[in-house]
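This report refers to the structure that appears directly beneath it.
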Amino acid sequence: MANVLSKVISDAVELTRAAQGQTGRGGAPDTKEVLKIAASQDGYRVLFLNRLREAARGRVPGVNHTLRMVQTALFGIEIGKDVTLGEGVNFTHTLGIVIGGDAKIGARVKFMGNNTVGTAKDNGYPIIEDDVVVGCGARILGPVRVGARSVIGANAVVLSDVPPDTVVSGIPARPHKKKPDA
1 MANVLSKVIS DAVELTRAAQ GQTGRGGAPD TKEVLKIAAS QDGYRVLFLN
51 RLREAARGRV PGVNHTLRMV QTALFGIEIG KDVTLGEGVN FTHTLGIVIG
101 GDAKIGARVK FMGNNTVGTA KDNGYPIIED DVVVGCGARI LGPVRVGARS
151 VIGANAVVLS DVPPDTVVSG IPARPHKKKP DA
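First residue of the sequence shown? That's 1 in this note's numbering, and the numbers climb one at a time after it.
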């Protein structure tokens, strides 16, 4: 349970930093500001419910499934029962997001909304590394790896691995360019 509480606090701090435009691991934001920002964001509420699901998974029968249904009903987001979410994952708009199976999402990944992360032909699920931005309507399908700090363009369909620090766009997604700060 201590691990879940640690993740809940870390999630709130990371989302507050994002809301304030801060980067890096500097000093922690003011506690009052963290609570105010976290409580006002649907994306944080989704993460909080998911942390409760993680704590219950394999320990308390039925809780994971029940909280998953609550998440979907309240926020229009579907997160599979075995999905792993890193600290500070940011759901800018929760509506229409589907993350399936046992996909693994790294720390501080930002989903802009109406995204799908799932299998293409029941052949495995994506791994998205840290600090990736997933544009509106983007789809990431199959056993692919999206490298750290990459950007997936709006409405892109990712069907193959994306190297770190790369911008991809299109259907199917192709490298557009290396990020300028990479």
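Think of the CB as a built atom: it goes at the ideal place given N, C-alpha and C, for glycine as much as any other residue.
Residue nearest to residue 95 within the set 73, 11 and 165 is 73 (criterion: CA-CA distance).
Contact annotation, residue 80 with residue 100: C-beta distance approximately 5 Å; criterion of less than 8 Å satisfied. Nearest in C-alpha terms to residue 106, of all of 133, 160 and 174, is 133. Taking the Cβ atoms as the reference, residue 154 lies roughly 10 Å from residue 170, outside the contact range of under 8 Å. Residue 127 holds the alpha-carbon nearest to the alpha-carbon of residue 164 among 141, 127 and 139.
Within a 10 Å sphere around the beta-carbon of residue 31 sit fewer than 16 other beta-carbons, which makes this residue exposed.
Rounded to the nearest whole angstrom, the CA to CA distance from residue 41 to residue 12 is 10 Å. Check the Cα spacing between residue 87 and each of 68, 78, 71 and 109: the tightest is with 109.
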